[in-house]
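Reviewing the structure listed below.
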Amino acid sequence: MNLVPPLKILWKIIKFPLLAFLSYVLIVLGVGIYAFSQQPEPVLYQAHPKGKLESLSDLSLRPDGQGVLTFYALGDWGTGDQNQKQVTLLLEQNLSTVGDRDIKPFVLEAGDNIYQNGLTSGWNNPEMIAQLTDVIESNYAGIQYQNTPIEFHLVAGNHDHLGDMALWETYAEARFAGQNEMPIIKSYNQHHPDIADTNDQSEYEALKQSNDLIELPEIISAGTNGASFIAIDSQKMLELYSRRADESELQMDIDAHWQRLNLLASKDTPWTFILAHHPISTFGPHSGKQNSIAYHLLKILLFFVDNSGDLDHPAYQQYIADFEKFSSQHPLIFIAGHDHSLQLNSVSNTLLQVVSGAAGKTTFVIPEKETVYAHARHGFVRFDLTPEELWIEFIDVSDEKPALYRLKKDGFGF
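Set out below in structure tokens:
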């Protein structure tokens, strides 16, 4: 290489470190691609449930009166591919089996609404419009129950936080409007008490310019006094937990979240549900307990990466501990995604975890003692609720018989 003397000296200094770094990058990429490109074995796992949680096989036993509240949980749907479309068709088919209801069925979406990097920034951005078209309009915007559009209640996932969050609160809600111009896509990411909820560009610009925005938990309006539904931005909470060690002032923001949660959960309702992206209990890739040699090697190679999105991270562990403590005062059903599978995990007699993150992708599950049901299949979860009972049905795209569980209120909580 014909270089002037100073460049030759520089090249001698950096040549071997540079080659070592490039080799390291190639090894990490290779191991990462291998570890995460393996298709999960769609093995169905079912254990005998404990306590008042029962496993049933006869769908005709499920309540079907007008007073029953029926809703669905989908998570991680943001692919826009054929797998998502299969789940969409399955949802439409199941909705057609729901009888007359005083309150029409609705969907809780557990985050990662657009892969891989969320919505592209900017009002009326053509790329952002194409993303919403591929993921929502071509799949969900036309779904109806008895000739009226159903509502989709969305929280943010970690992939959504890589994009323009304010667009969900404004552009997406305005674009997907049902009867009386009310949004059928309702987001719970960035509401601000001092910014008018106009779903227009003025609200968008105000949200983008806000310096004091804290994504506190919000109530999801389901039109019933029989249950409380609370939406949280778990990505924001985990970021606060993770940064608290170096920025002690963030404890005030964490306290604000828990004060708000205690306030919202204190209502005198038989059931409390929390909708989030990050689960309290899961046994897929995000559990941090994988037995794959390639995965463990990857974690060793990425020794400098602080991944607070895995359950074995100290910040995530504190998040879990605080929710378990919270559930001892407010028994709850926690609905989340993040891992791309269907799971039912009995954490305690006051905390039941439903993982529904298989609306677009699937990843493996390694069941443990908390696991009641697990399947690495594309699908979703249906809930049918009365003041006395909660019925949970896992529905997937296979020909296998759906799994059905019943939880009695008098056996859950205090």
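Numbering-wise (this note's numbering), the sequence shown opens with residue 3 and increments by one.
Glycine included, C-beta positions come from ideal geometry on N, C-alpha and C.
Bear in mind the structure is a predicted one, so any value in this text is a computation, not a measurement.
Neighbour-count burial assignment, residue i, 16 or more Cβ in a 10 Å radius
i: T284; result: buried
i: Q203; result: exposed
i: W393; result: buried
i: M184; result: exposed
i: K403; result: exposed
i: W79; result: buried
i: H163; result: buried
i: Q148; result: exposed
i: Q237; result: buried
i: D199; result: exposed
i: A224; result: buried
i: P107; result: buried
i: N213; result: exposed
i: N182; result: exposed
i: A158; result: buried
i: L9; result: exposed
i: W13; result: exposed
i: E249; result: exposed
i: L28; result: exposed
i: E251; result: exposed
i: E129; result: exposed
i: L58; result: exposed
Residues near residue i by beta carbon distance below 7 Å, same chain, minus five either side
i: A174; result: L134, I187, S189
i: K52; result: S348
i: P219; result: I232, A233, I234, H259, R262, L263, L266
i: H288; result: G311, D312, L313, H340, D341
i: D136; result: G82
i: I138; result: F178, I187
i: F328; result: L263
i: R379; result: P44, L344, A360, T364, D398, V399, S400
i: E207; result: none
i: E372; result: S283, N347, S348, V349
i: D60; result: none
i: D2; result: This structure cannot speak to residue 2, because the chain is shown only from 3 to 416.
Of the listed residues the options, nearest to residue i (C-alpha basis)
i: A143; options: G53, L28, K87, P51; result: K87
i: H161; options: D270, G339, L55; result: G339
i: Q146; options: G165, A179, M167; result: A179
i: F325; options: T352, E205, A75; result: T352
i: Q2; options: N115, N85, S358; result: Residue 2 is absent from the model: the chain starts at 3 and stops at 416.
i: L334; options: R379, K371, I15, S268; result: S268
i: L92; options: V157, S400, K410, K411; result: S400
i: E391; options: F382, G413, V374, D199; result: G413
i: L97; options: M130, P151, H194; result: P151
i: D114; options: Q320, H279, S330; result: H279
i: Q320; options: V100, D60, R246; result: R246
i: G124; options: L58, Q84, E251, E205; result: E205
i: R103; options: S250, T226, V45, S350; result: T226
i: L71; options: S62, G101, P195; result: G101
i: V89; options: Q211, P389, S140, E207; result: S140
i: N127; options: T99, E153, L169, Q95; result: L169
Residues of its chain near residue i, where Cβ-Cβ distance is below 6 Å and the 5 sequence neighbours each way are ignored
i: N201; result: T172, E175, A176
i: D2; result: With the chain covering 3 to 416 only, the question about residue 2 has no answer from this structure.
i: F336; result: I276, I282, Q355
i: Y117; result: G80, T81, H161
i: V374; result: A49, P51, L346, S348
i: E395; result: R384, P404, L406
i: H332; result: A267, T274
i: S330; result: T352
i: I322; result: I282
Integer Cβ distance of residue i from residue j, believed to fall under 8 Å
i: I397; j: R408; result: About 16 Å separates the two Cβ atoms, so there is no contact after all.
i: Q192; j: E217; result: 6 Å
i: F366; j: L76; result: With a Cβ gap of about 20 Å, F366 and L76 do not count as contacting.
i: H155; j: I222; result: 5 Å
i: Y74; j: L110; result: 7 Å
Chain-order list of residues whose beta-carbon lies under 8 Å from that of residue i (same chain, five-residue window excluded)
i: G120; result: H161, D162, H163, L164, G165, D166, M167
i: P369; result: Y47, A49, F285, A376
i: K54; result: L409, K410, D412, G413, F414
i: I131; result: none
i: I105; result: L71, A224, G225, T226
i: D270; result: none
Contact with chain D by residue i, beta-carbon distance below 7 Å
i: G144; result: The structure shown has no chain D; it contains just one protein chain.
Any non-hydrogen atom of the ligand PLP within 6 Å of residue i CB
i: A208; result: By its list of ligands, the structure shown contains no ligand whatsoever, and the ligand PLP lies outside what it can speak to.
Is the segment 358 to 368 in contact with the segment 58 to 71, if contact means three or more CB pairs nearer than 8 Å?
no
Count the CB pairs spanning the segment 271 to 281 and the segment 224 to 231 that are closer than 8 Å, and state whether there are at least three.
yes
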